[in-house]
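Working notes, beginning with the structure itself.
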Amino acid sequence: MRNLLLGSLVLTAFLAAPARAHGFGEWPDLAPDAEADASLAQWDLADLAEARERPRSPFDTPPSGAETGQVSLEDPGDAPLVRPSGEPGAGPGDRLPPMLPAELQPRRWSDHVPRAYAANPDFLSQLGTIKWETLILLGYFSLQSGKKLFRETTSFHFHNEGWFGKDTTNLGIDKLTHAFDTYLIAEILHMRLHDKTHASQGDAVTAAILASTFMALNEISDGIETDSGYSMQDITMNLVGAGFSVLRNTVPGMREKVAFKIEIIPDDNIYSYRG
């Protein structure tokens, strides 16, 4: 019993002795820190919206002049898109269109995005997406027409070529060729526009207008030839070919059922305008 009492006294004295005397340092103060509580009380989860992170792509850069890399939860509204350089875009199609409803999503080739939701809703903005294609066609027709200036020419004049009668030069076969050429150009341009404008409404009409314009300008060179002239029958058939392209690319199912093709039978020449 005496040993147990002595051990208890020693243990009590040890626990009551200052901790510094045993080299353990001061005991930590576990009382609440008023200053820390105040800072924690001011901390808000909403501050996470101000977190900074590196954009994963140039398109993640926020609009409205926000600092690059800062996440913005505000609706940009009508603010222009911000290019990777930080400058707002000013060209055609540089503004964000409204969100397209699911029921208006194009599912067939003939389906198009309505103008209110289209990335390129008007003629000029659609033309701006195929600048190089347009310049190539312009250069081609310039070469085709320009070489006639080095032949015998006359003043500009009109010529009534007729349609498909026996009194026509070639029974009107050239009229079908005019329609086909315009149709083919419109089809090529529409394929490019359909891809570049993300199926914006009116792309088929834009392609048809461009094709008809090129063919009409090319017809001017016929107007200065001595054995020909500017033919309104040719212009009419150009419009027929362009119109057929519009119908084929806007009427559901027509593109899969109807096509316009031409068969060319070559002659003995390797390269010739006639065959």
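One rule links them: number in the numbering used here = place in the sequence shown (from 1) + 82.
Glycine included, C-beta positions come from ideal geometry on N, C-alpha and C.
Values in this document were obtained by computation on a predicted structure and should not be read as measured data.
- DSSP places residue 312 within a strand segment (E or B) once states are collapsed to three.
- Bounds of the alpha helix (DSSP H) holding residue 222 are 213-228.
- In the structure shown, residue 195 adopts extended strand secondary structure according to DSSP, grouped into three states.
- The alpha-carbon of residue 187 is positioned some 20 Å away from that of residue 287.
- Taking each of 337, 316, 310 in turn and checking the Cα distance to residue 235, the smallest one comes out for 310.
- Counting every other CB atom within 10 Å of its CB across the protein chains shown gives residue 257 a total of 16 or more, marking it as buried.
- Counting only residues of its own chain and dropping the five nearest sequence neighbours on each side, residue 244 has a CB closer than 8 Å to the CB of 250, 254, 315.
- Collapsing the DSSP output to three states places residue 246 in coil.
- The beta carbon of residue 342 sits closer than 7 Å to the beta carbons of 262, 265, 326 from its chain, once the five residues preceding and following it are set aside; these are given in chain order.
- Residue 259 is positioned such that its CB atom lies closer than 9 Å to that of residue 344.
- Counting only the Cα atoms, residue 268 lies some 17 Å from residue 221.
- Taking a contact as a CB-CB distance under 8 Å, the pair residue 238 and residue 306 counts as one, their CB atoms being some 6 Å apart.
- Rounded to the nearest whole angstrom, the CA to CA distance from residue 201 to residue 280 is 7 Å.
- Ranked by Cα distance from residue 308, the options 230, 219, 226 are led by 230.
- For residue 278, the enclosing alpha helix (DSSP H) begins and ends at 255-278.
- Within its own chain, the residues whose Cβ lies closer than 7 Å to the Cβ of residue 190, once the five positions on either side in sequence are excluded, are 334, listed in chain order.
- A straight line joining the alpha-carbon of residue 252 with that of residue 194 spans about 40 Å.
- 270 is the residue among 346, 240, 270, 228 whose C-alpha sits nearest the C-alpha of residue 215.
- Going by C-alpha positions, residue 212 is about 7 Å away from residue 275.
- Across the structure, residue 197 and residue 285 are spaced so that their CA atoms are roughly 11 Å apart.
- In the structure shown, residue 295 adopts helical secondary structure according to DSSP, grouped into three states.
- With at least 16 other beta carbons inside 10 angstroms of its own, residue 331 counts as buried.
- Counting of Cβ neighbours within 10 angstroms places residue 247 among the exposed residues, the total staying below 16.
- Taking each of 324, 312, 340 in turn and checking the Cα distance to residue 242, the smallest one comes out for 312.
- Residue pairing by DSSP places residue 235 opposite 307 in a beta bridge.
- According to DSSP, residue pairing for residue 205 in a beta bridge does not occur.
- Secondary structure of residue 342 (DSSP, three-state): coil.
- Per DSSP, the beta bridge partners of residue 282 are 195.
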